[in-house]
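A.B. asks:
Protein chains in written order, with our numbering: chain A, 461 to 819; chain B, 461 to 819; chain C, 461 to 819.
(1) Leaving out five residues on either side along the sequence, give the residues of the same chain with a beta carbon under 6 Å from the beta carbon of residue 655 (chain C).
(2) Who are the neighbours of residue 534 (chain A) on chain B, taking C-beta pairs under 8 Å?
(3) Any contact between the region 539-554 of chain A and the region 516-525 of chain A? By contact I mean 3 or more CB pairs, one from each, below 8 Å.
(4) Check whether chain C comes within 9 Å of residue 499 (chain B), counting only Cβ atoms and requiring the distance to be less than that.
(5) Report all residues from its chain with a CB closer than 6 Å to the CB of residue 574 (chain B); omit the five preceding and five following residues, and keep chain order.
(6) When you compare the CB positions of residue 692 (chain B) and residue 703 (chain B), do they come within less than 9 Å of one another, or not?
(7) Taking all protein chains shown into account, do 16 or more other C-beta atoms lie within 10 angstroms of the C-beta of residue 738 (chain C), making it buried, or fewer, making it exposed?
(8) Spell out a yes or no on whether the region 795-803 of chain A and the region 493-504 of chain B are touching, meaning 3 or more CB-CB pairs, one atom from each, closer than 8 Å.
(9) Taking the alpha-carbon positions, what's the residue 705 (chain B) to residue 796 (chain B) distance?
(10) Using a Cβ-Cβ distance cut-off of 9 Å, determine whether residue 660 (chain A) contacts chain D.
(11) Enumerated in chain order, which unbroken segments of the beta strand (DSSP E) with a length of 3 residues or greater are wholly contained in the region 508-545 of chain A?
(12) Excluding the five sequence neighbours on either side, which residues of its own chain have a C-beta within less than 6 Å of the C-beta of residue 760 (chain B), listed in chain order?
(13) Please state whether the Cβ-Cβ distance between residue 740 (chain C) and residue 776 (chain B) is less than 9 Å.
(14) Cβ atoms of residue 626 (chain A) and residue 608 (chain A): under 9 Å apart, would you say?
(15) Closest to residue 567 (chain C) by C-alpha separation, out of C:489, C:606, C:661, C:736, would be which residue?
(16) Residue 700 (chain A) touches chain B at which residues, Cβ-Cβ below 7 Å?
(17) Counting Cβ pairs, one atom from each stretch, are 3 or more of them under 8 Å apart for the region 614-634 of chain A and the region 668-678 of chain A?
(18) Name the residues in the region 768-780 of chain C whose C-beta lies less than 7 Å from a C-beta of chain B; which are they?
(19) Are the region 636-647 of chain B and the region 531-540 of chain A touching by the rule of at least three beta carbon pairs closer than 8 Å?
(20) Pop quiz: residue 651 (chain B) and residue 674 (chain A) are said to be a contact at Cβ under 8 Å. What is the actual Cβ separation, rounded to whole angstroms?
(21) Within 10 angstroms of its Cβ, does residue 469 (chain A) collect 16 or more other Cβ (buried), or is it exposed?
(22) Counting only Cβ-Cβ distances shorter than 9 Å, please list the residues of the region 715-733 of chain C near chain A, keeping chain order.
(23) Please return the same chain residues whose Cβ sits closer than 6 Å to the Cβ of residue 744 (chain A), not counting the five positions on each side in sequence.
(24) CA-CA distance, residue 621 (chain B) and residue 735 (chain C)?
(25) Quick check on residue 484 (chain C): buried or exposed, where buried means 16 or more other Cβ atoms within 10 Å of its Cβ?
(26) Any idea if residue 553 (chain A) is buried or exposed, counting beta-carbon neighbours within 10 angstroms, 16 or more meaning buried?
(27) Just the chain A side, please: which residues come within less than 7 Å of residue 562 (chain C) by C-beta, in chain order?
(28) Whose CA, out of B:598, B:585, B:571, lies closest to the CA of residue 577 (chain B)?
(29) Helix, strand or coil: how does DSSP classify residue 780 (chain B) here?
(30) I'd like to check one pair, residue 594 (chain B) with residue 584 (chain A): are the Cβ atoms closer than 9 Å?
(31) In this structure, does DSSP put residue 603 (chain B) in helix, strand or coil?
(32) Which of the three DSSP states is assigned to residue 742 (chain B) in this structure?
(33) Taking the alpha helix (DSSP H) that residue 470 (chain A) falls in, what are its first and last residues?
(34) Threshold first: 3 residues or longer. Then list the beta strand (DSSP E) segments lying entirely within the region 570-652 of chain B, N to C.
(35) Whose CA, out of C:515, C:506, C:571, lies closest to the CA of residue 548 (chain C)?
(36) Could you work out which residues of chain A lie near residue 609 (chain B), taking near to mean beta carbons separated by less than 7 Å?
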């Protein structure tokens, strides 16, 4: 934490490219949620319920959308207002400034185990009991926590952070500014077996995993090495907890993968895709750029670009909502059908005529 | 294990506040399941199929419900009977007595890495290659297995057990008598990002995790630190394997969370709630005290107290059962509707009249 | 990797018991996928789209099914053809030959922590910071990666490979040729608690886990010790990532368990069963030999042998397909029913008669 950092409201406005209304010299020392802010803190007021009630926060400054019409009015009331195009991004930036990532400082711990031919850049930070294999390369400022295992021939770029108890198998390529959360397993052999007389024979997996720049891998993820070639996690991708990504998958840039998602082998996922919690994708499918799969969606067909699907098997989200609205009444529909059958039967008897639906 | 421990049937009855029928001096050395018990073992007979067949166990003693009318009869047959209000709880207590938790004894291993200002109580038991950060405090009798990583400024109460390969990030608060099973990840940064021009910017997570007294966290759980404030696991909560609990969640006292459950950010769960295996809860929802979510239930609305829900989206469990009973017949219902349509069409033709359903 | 290994096409044919067509002296140095093979590589052409296009691969040799009629024709064109009964198994065998498993060589690392009375066979390979408890036995050629924790009284057969950050609790039995992928947790206490006045009391779990020969356990699996007796993983079973297997489960020989499956307590699974990704099984059920559960299937009843089920609750797969085909049209069916109701109402009015469906 960066507890002695102080900036004026004007400096913060400049930092995020925003327009400042009100006191430009207000001293700000931190960030806090709307309801719990104090006079030396800045808060986020991006939604209507906050913007209508700016007198309810105790914050000294607030970030608001540039479309907000009442900036001057509220600023006159004493709160410094920073108006920006993208309030959440501005908020993230100011939080990053006040709360830079926190790591212990180990330099290269005497208790780490470093293999032959380790080449690394400036200011490495490697914790006790980390194990680094042979012929590993790392850029500047890598942080490797205790109990990380890095296999032979792994490469890492600059500013990579690998948290505790992560396993990175041999031959994995990791870009710059990648964060790997605790307990993740990168590059184990993909799940490939050939049936042979009722038993299963291992198909060696001789590819690897490539994690591109600016990726964050969540805790306890399993990302498997390719049979041949590469399992690829495109730049800017963020994954949440306990995600499974099988061999030969390719995930496009800036896609977001929420907790407990499972992606089967050889799936190709486009850019800026959102996979909500626990979505699952069957093997060999393609998910188009910008597609959104709802929570628990189970996908068994290719998904076109920019479509929103839900359910298992997944269907368009709006259709799924309509189906789900009707589904709980299904037993009543069944009864109604029985009633109609009975009525028609009686009407036919009454008319003295028996019709045949099949003719 | 405690293999030389022996108690008389009378001592065991006293231990669990039960009433003893039959031989009070019988020597009992252990606990075994009904079908596989020997004369020096005690077994549990809480269900009707066991109570009717007490001659089928070889056990020297049996725990039965106090409502069981035939205690004296069976005791006369030679088996010591201990009648209690809550047989399963009595059984657990007797098992705990005969089989106290087993841990290796390391004291503080020379091969552990202990940071500055570690303050701990009596009889710590810290395994090789455990890493404890700076300014960590622990109560009496903590057990910390190998390859545990504990970040800076973590506090623990008495009798805490942290199994191998667990990661506990900085600032986590842990109460007394907490057990954390292997591979769990406590306190990593919550999954919070702000979209910014098609990319994702990390929103720093400056809160922490608080695990209260008597909690057991299952293996490979991921419990994320709060954005602000605290992600709270209330006292007495038990979680099973591979559970995900996102940032800012609060779980009420004595709730039980079965394997592979996923709880999204800012969810509030009441007391004595049961989340069956793989239930999922969307963000910002509230689950009332005593609610039960069935296996794989997907909850998208607040859940009132003491309700039982199933399905995705979750509906009342009984209604869900009725829907599921009808659902497999849906194709036949569709055919039946087509038949009725055809019949009505023919009846109209026959009557020489065309009606309009819309009018 | 085994990059200097070279074999003639005749030698490879002999290795897999295949029939060779064409040049028997062709030098083969490796295996590659169909589209990316070179003249010194062998590829797999088991499917029609490859067999029709054997001129499209650059491979020097191809494995084909023995039923393929055009072996001689293609061989005359220059590619060596190896015809076998089971092409995928032959391919796996040849890949295993060219790419034997790769492990660093540690012998017994000075930085490993070996407990009292460790008995092991020839050529152990134990990495730094591995911890082996007391009274552990191991066969020949075991490979134990860094940060593995093996509790007391664990036994292992020959050729066992335990990857990094795995936890194996005391008393676990492991057969020969078992592979345990990174981060798996074997033998933690099963999830057993007795309710007692609104709280939960731990039921000690005094059984163990037995992993039989030729099993592969996926990364981040949790396999729990039995309450009494043994949780058994039968020989030849393969599990994928993030699988949960609860206490007292028995998995039959050569069953395959895909990623994120959850198996509740006391379930008995037969031989050669397939549990597709994320299938779930409720407690105490029996799954017959050869059964197949589809992705996300939720099983709440016993499953007979050789049945294929899908959905939650699971129903026969073909029926499930029919239901899923109709389900998206449910809102339209509901409208149609309303239309029919209206028509029947009008027909009755027109006929001047009101029928009663209940009579």
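In this text, a Cβ means the ideal position worked out from N, Cα and C, and glycines have one as well.
It should be emphasised that the depicted structure is a prediction, and the values quoted were computed from it without experimental measurement.
C.D. replies: So, from the listed chains and residues:
(1) Excluding five sequence positions before and after residue 655 (chain C), none of the CB atoms of its chain fall closer than 6 Å to its own CB.
(2) Simply none; closest approach about 22 Å.
(3) Counting C-beta pairs with one atom in each stretch, the region 539-554 of chain A and the region 516-525 of chain A have three or more that are closer than 8 Å, which means they touch.
(4) No, residue 499 (chain B) does not count as interfacial toward chain C.
(5) Here the set comprises 592.
(6) No, the Cβ-Cβ distance between residue 692 (chain B) and residue 703 (chain B) is not below 9 Å.
(7) It is buried - the Cβ of residue 738 (chain C) has at least 16 other Cβ atoms within 10 Å.
(8) With the rule of 3 Cβ pairs closer than 8 Å, the region 795-803 of chain A does not count as touching the region 493-504 of chain B.
(9) Cα-Cα distance, rounded: 46 Å.
(10) Within the model displayed, chain D is absent; protein chains A, B and C are what it includes.
(11) Complete beta strand (DSSP E) runs here, min 3: 521-525, 540-544.
(12) Only 742, 773 meet the Cβ criterion.
(13) No, the pair does not count as a contact, with Cβ atoms beyond the cut-off.
(14) Yes.
(15) Distances from the CA of residue 567 (chain C) to each of C:489, C:606, C:661, C:736 were compared; the closest alpha carbon is that of C:606.
(16) Going along chain B in sequence order, the residues near residue 700 (chain A) (Cβ under 7 Å) are 651.
(17) Segments in contact, yes.
(18) Result list: 772, 773, 775, 779.
(19) A contact between stretches requires three or more CB pairs, one per stretch, nearer than 8 Å, and the region 636-647 of chain B fails this requirement with the region 531-540 of chain A.
(20) Between the beta-carbon of residue 651 (chain B) and that of residue 674 (chain A) there is about 16 Å, and that puts the pair past the 8 Å contact cut.
(21) Burial call: buried.
(22) Result list: 716, 718, 719, 720, 731, 732.
(23) So the list reads 726, once near-sequence residues are dropped.
(24) Taking the straight line joining both Cα atoms gives about 34 Å.
(25) Exposed, because fewer than 16 other Cβ atoms sit within 10 Å of the Cβ of residue 484 (chain C).
(26) So residue 553 (chain A) ends up on the buried side.
(27) Chain A residues near residue 562 (chain C): 630.
(28) It is B:598.
(29) Correct three-state label for residue 780 (chain B): helix.
(30) No; because the gap between Cβ atoms is not below 9 Å, this pair is not in contact.
(31) Reduced to three states, the DSSP call for residue 603 (chain B) is strand.
(32) It is coil, neither helix nor strand.
(33) Run containing residue 470 (chain A): 469-475, per the alpha helix (DSSP H) assignment.
(34) For secondary structure counted as the beta strand (DSSP E) over 3 or more consecutive residues, the region 570-652 of chain B holds these complete runs in sequence order: 645-649.
(35) The residue among C:515, C:506, C:571 with its C-alpha nearest the C-alpha of residue 548 (chain C) is C:506.
(36) The contacting residues are 605, 606, 607, 624, 625.
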